[in-house]
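J.: Quick note: the sequence shown uses full-length UniProt numbering, first residue 6, plus one each step.
Mind having a look at this structure? Questions to follow.
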Amino acid sequence: HPVIHWFRRDLRISDNPALLAAARATPCVVPVYIPSTWNHSHAWTGPNRQSFLCQSLGSLSRNLETRGGRLIFRSGKAVEILMALAQEVGAQAIYYNQDPDPFGKSVEIELEKACIQHGIECHGFHEVTLHGPSEVLTQAGDPYRVFTPYSKNWLSLEKPLPEGLPASLDTPQHLRSESAPQLKHWSLQAAASGVLEGGERAAHDRLKTALAERLSLYQGQRDTPSVAGTSRLSQDLRFGLISIRKVYAEAAKALSRARSKTSTGSIETFIKELAWREFYMAILHHFPHVLEEEFNPDWRGLPWDEPGEKFEAWKAGRTGFPIVDAGMRELRETGFMHNRLRMITAMFLTKDLHHDWRWGESYFMQLLTDGEIASNNGGWQWSAGTGADAAPYFRIQNPWSQSARHDPRGEYIRRWIPELKEVPTARLHEPPSDGRPLAADYPLPCVEHSKERDRTLAIFKKHKESR
Ligand code: FAD
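Shown next as structure tokens:
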């Protein structure tokens, strides 16, 4: 009897636990992908991530063919499609890798129920993180709320090893398939021109580049956005083009070969970043309310300003703060933003413009190719000061000093704001002292940082006292 492998955010053939298990049961595997039924009903996605997805599906389709498989596309409600397909092909089992997001999990529960009703086996595999959310708990068996003890525990656990490719597949040839989805499937316009190439091969190439050129210098370079100093694997992990086991195993191998203090420290720091990803996924798992409200109850109900002109200026990269604008323009033009800039722009929106972090969270989800609900929410709540292990509210970063520290020569700023090419570096890192714009078509700073900082402190303090 055939079995079904339902592809979701695991768009690869190598080291794919559910696919391997399906292929071990029988070569007669029916791989299926069900494009989301999203029709602009929520503002949490957009063309960059969807176009990367489409390209990655094309690559997955070709990769499956090299093993004798064929990717089937069917659109509709996942559980209904899977049940109908199982009946059509006479499948007795469905294999899939689990989704960490609340919506994906709820579909899994429905699927399990439907499988029981129809007498079909249902096999869900955990692969999205090295350690599941219930594997890393305090001694009392509670979830962690703070990163450092979580990461210590996480680091001490033995890590699962990657596996290889499935043996040959033999998908029945006669099955009907829709054509692979394209942006128009969701009525979306073109993606940003700088979105990276999708597909499993491209992801493996990025890992190779990171290992050869970036990881051993990571510690010194990861906070300098003008340098290509980070792995650029986030969208690959988001779509499962490469497994986290593979990334970890290669980093651990590089660590065992590292000979200098710099490279050892760097690779260790990189591995800790992988733990941040799992920490936020664990937070979302144990505290799913973070998608609705503040992780820290002290900060629920804070009075935020209504989004208006300043929010539009922030989105457009026209706040008059060059470092903030450079980050926002990188995001618009590439579907990516360097981590340091995500922190600067998020803190600017919440602490200088007093906007609810949820507006920024949703805007990032619309544009980021690596848009990951758990990490994005974690990053936003961290920046707003409302999240798990967040910066205390009174530690408000100054965008001007962040600018001078992380882009001392102004290279990153000039790359993304061409109208500032000729402006002397020092002037990029401070409000214009003569009150005149830095360039003819560049705006004056839309707020005065020190004033807004004081206002934020007062708002947070008052809120705390009122509770
Ligand atoms: P590297 O520096 O090479 O790190 C390696 C991997 O570790 C990343 O690919 C990512 O999977 C993980 N990682 C690194 N830093 C973090 C972090 N702080 N939190 C969680 N995981 C991390 N990351 C996303 O993947 N998707 C998001 O939607 C997202 N939104 C964010 C929003 C805000 C406001 C902030 C402050 C951070 C956000 N991050 C998000 C985390 C981080 O900015 C990106 O993971 C990182 O910039 C991706 O680049 P890289 O792959 O080169 O990272």
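Even for Gly, the Cβ is constructed at its ideal location relative to N, Cα and C.
Computed from a predicted structure; not experimentally measured.
1. Less than 9 Å between the beta carbons of residue 129 and residue 158, yes or no?
2. As an exercise, report each continuous alpha helix (DSSP H) stretch of at least 4 residues that is fully enclosed by the region 205-268, in chain order.
3. With burial defined as no fewer than 16 other Cβ atoms inside 10 Å of the residue's Cβ, what is the status of residue 166: buried or exposed?
4. Closer than 8 Å to a non-hydrogen atom of the ligand GTP - does that hold for the CB of residue 278?
5. Have a look at 26, 376, 317, 35 and flag the residue whose alpha-carbon is nearest the alpha-carbon of residue 11.
6. Which same chain residues end up closer than 7 Å to residue 232 when comparing Cβ atoms and leaving out the 5 residues on each side of it in sequence?
7. Please state whether the Cβ-Cβ distance between residue 288 and residue 137 is less than 9 Å.
8. Taking only the alpha-carbon atoms, compute the straight-line gap between residue 318 and residue 449 and give it to the nearest angstrom.
9. When you measure from the CB of residue 388 to every non-hydrogen atom of the ligand FAD, does any distance come out below 8 Å?
10. Quick one: is the Cβ of residue 282 within less than 8 Å of any heavy atom of the ligand FAD?
11. Can you grab the Cα-Cα spacing for the pair residue 247 / residue 433, in whole Å?
12. Taking the beta strand (DSSP E) that residue 101 falls in, what are its first and last residues?
13. Can residue 375 be considered in contact with the ligand FAD, in the sense that its beta carbon sits closer than 8 Å to one or more heavy atoms?
14. Tell me which same chain residues have a C-beta within less than 8 Å of the C-beta of residue 140, skipping the five on either side of it?
15. On the premise that residue 326 lies in contact with residue 353, defined as a C-beta separation below 8 Å, what is that separation, rounded to the nearest angstrom?
16. Across the region 249-269 and the region 398-407, are there enough close Cβ pairs to call them in contact, namely three or more that are closer than 8 Å?
17. Tell me whether residue 81 is buried or exposed, calling it buried when 16 or more other Cβ atoms sit within 10 Å of its Cβ.
18. For my contact list, residue 212 and residue 255 are in at a C-beta cut-off of 8 Å; report their separation, rounded to the angstrom.
19. Using a 10 Å radius around the Cβ and a threshold of 16 neighbouring Cβ atoms, would you call residue 192 buried or exposed?
20. In whole angstroms, give me the CA-to-CA distance for residue 115 and residue 229.
21. Taking C-beta to C-beta, are residue 312 and residue 343 nearer than 9 Å?
22. Measure how close the beta-carbons of residue 78 and residue 186 come, nearest whole angstrom, since I'm counting them as under 8 Å.
23. Please state whether DSSP places residue 368 in a helix, a strand or coil.
24. Check whether the Cβ of residue 156 sits closer than 8 Å to any heavy atom of the ligand FAD, and report yes or no.
25. For residue 295, does the three-state DSSP call read helix, strand or coil?
26. With 16 other CB atoms within 10 Å as the buried threshold, where does residue 55 fall?
27. With residue 304 as the anchor, note down where its beta strand (DSSP E) starts and where it stops.
28. Closest to residue 197 by C-alpha separation, out of 107, 169, 73, 57, would be which residue?
29. With 16 other CB atoms within 10 Å as the buried threshold, where does residue 20 fall?
30. Across which residues does DSSP place residue 38 in a beta bridge pair?
31. Helix, strand or coil for residue 126, going by three-state DSSP, please let me know.
32. How is the alpha helix (DSSP H) around residue 386 delimited, first residue to last?
33. Roughly how many angstroms separate the alpha carbons of residue 339 and residue 472, rounded to a whole number?
34. Going by the DSSP bridge assignment, what does residue 454 pair with across the sheet?
T.: Working from what's here:
1. no
2. 205-214, 223-226, 239-243, 249-262
3. exposed
4. This structure does not include the ligand GTP; its bound ligands are the ligand FAD.
5. 35
6. 226
7. no
8. 11 Å
9. yes
10. yes
11. 39 Å
12. 98-102
13. yes
14. 162
15. 7 Å
16. no
17. exposed
18. 6 Å
19. exposed
20. 45 Å
21. no
22. 7 Å
23. helix
24. no
25. helix
26. buried
27. Neither: residue 304 is in no beta strand (DSSP E) and is coded neither H nor E.
28. 57
29. buried
30. 12, 78
31. strand
32. 378-389
33. 42 Å
34. Partner(s): none; residue 454 has no beta bridge.
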